[in-house]
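Undergrad:
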Amino acid sequence: MATPQARGVIFIHSAPRSLCPHLEWAAGRALGRAVSFDWEDQPVLDGSRRAEFYWEGPAGTGAALATAIRGWEHLRFEVSEDPTPRSDGGRWMHTPSLGIHYAQTDATGNVVIGEDRIRYAMEIAAGDVRELQRELDVALGAAWDEELEPFRHAGDDAAVVWLHKVG
């Protein structure tokens, strides 16, 4: 049985200029072909660049891409892989402060939390509603979404409004 073909998107939300060619090389190696990203300035973070790249490949390519580009300092990214009739979808998010987060996704891109993860959250919470909420936020990747959100909106040509800025 042939491996199903999948597709998805790499969102490089912020990368130092010097890292851009290395990211293209790493993504190309994971895809088995040379790639070229259309880089733009990232208005949220001076001196950084952003890019979106749509890809197609065998199911599991999203994991290969996320693995290929993670680990570099100052890099924020997301990789998505749409589900196929024979494989789950997924989303990988990475920030310098949080590292990488993986979540299974459904056909419309919603995060799917498995039964075992929910049972674990309930066990850890031991009846404490706040702890249950914290565990479910971890499973959903809420901290990653919160950190990446200003960078996502910057890609929509929208003005970025910082509610708070530390440092």
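Take the sequence shown: its position 154, counted from the start at 1, is 154 in the UniProt record's numbering, and no numbers get skipped.
Glycine included, C-beta positions come from ideal geometry on N, C-alpha and C.
Predicted, not measured: the structure shown is a model, and the values here were computed from it.
How far does the beta strand (DSSP E) with F151 in it reach, from first residue to last?
TA: Mapped onto the sequence shown, residue 151 falls at position 151. Careful: F151 lies outside any beta strand (DSSP E), inside the alpha helix (DSSP H) at A142 to A154.
Undergrad: Using CA atoms only, rank isn't needed, just tell me which of Q104, V44 and W72 is closest to D82.
TA: Indexing the sequence shown from 1 puts residue 82 at position 82. Residue Q104 is the option with its Cα nearest to D82.
Undergrad: Please go through the same chain and pick out, in chain order, the residues whose beta-carbon is closer than 6 Å to the beta-carbon of H74, but skip the five residues on each side of it.
TA: Reading the sequence shown from its first residue, position 74 is the one you call residue 74. Excluding residues within five positions, the ones whose Cβ falls inside 6 Å are P16 and P96.
Undergrad: Would you kindly work out how many angstroms separate the C-alpha atoms of D38 and C20, rounded to a whole number?
TA: Looking up residue 38 in the sequence shown gives position 38. Looking up residue 20 in the sequence shown gives position 20. In this structure, the alpha-carbon of D38 lies about 10 Å from that of C20.
Undergrad: According to DSSP, what are the bridge partners of D41?
TA: For the purposes of this step, residue 41 is identified with residue 41 of the sequence shown, where counting begins at 1. In DSSP, D41 forms a bridge with R49.
Undergrad: Please report the straight-line C-alpha distance between G167 and H22, rounded to a whole angstrom.
TA: Looking up residue 167 in the sequence shown gives position 167. Looking up residue 22 in the sequence shown gives position 22. Confidence at G167 is low in this model, with a pLDDT of 43, below 50, so its placement is unreliable and no value can be given for it.
Undergrad: Less than 9 Å separating the beta-carbons of residue 236 and A139?
TA: A query on residue 236 cannot be resolved here, the shown segment of the chain reaching from 1 to 167 and no further.
Undergrad: In terms of residue numbering, what span does the alpha helix (DSSP H) encompassing A68 cover?
TA: Mapped onto the sequence shown, residue 68 falls at position 68. Where A68 is concerned, the enclosing alpha helix (DSSP H) stretches over T61 to I69.
Undergrad: Taking the continuous alpha helix (DSSP H) assigned at G28, which residues delimit it?
TA: Position 28 of the sequence shown, counted from the start, is the residue given in the question as residue 28. Segment C20 to L31, the alpha helix (DSSP H) holding G28.
Undergrad: Beta-carbon of I124 versus every beta-carbon of chain B: anything under 9 Å?
TA: Going by chain labels, chain B is absent from the structure shown, which holds only one protein chain.
Undergrad: Label G141 either buried or exposed according to how many other C-beta atoms from any shown protein chain fall within 10 Å of its C-beta, with 16 as the threshold for buried.
TA: Position 141 of the sequence shown holds residue 141. Under this definition G141 is a buried residue.
Undergrad: Measuring alpha carbon to alpha carbon, tell me which residue in G90, D41 and R86 is nearest S80.
TA: Stepping through the sequence shown from its first residue, residue 80 is reached at position 80. Looking at the Cα atoms, G90 is the closest of the given residues.
Undergrad: Go through the segment 79-141 residue by residue and report every complete run of the alpha helix (DSSP H) that reaches 4 residues or more, in order.
TA: DSSP runs (the alpha helix (DSSP H)) wholly in the segment 79-141: 115-125 and 129-140.
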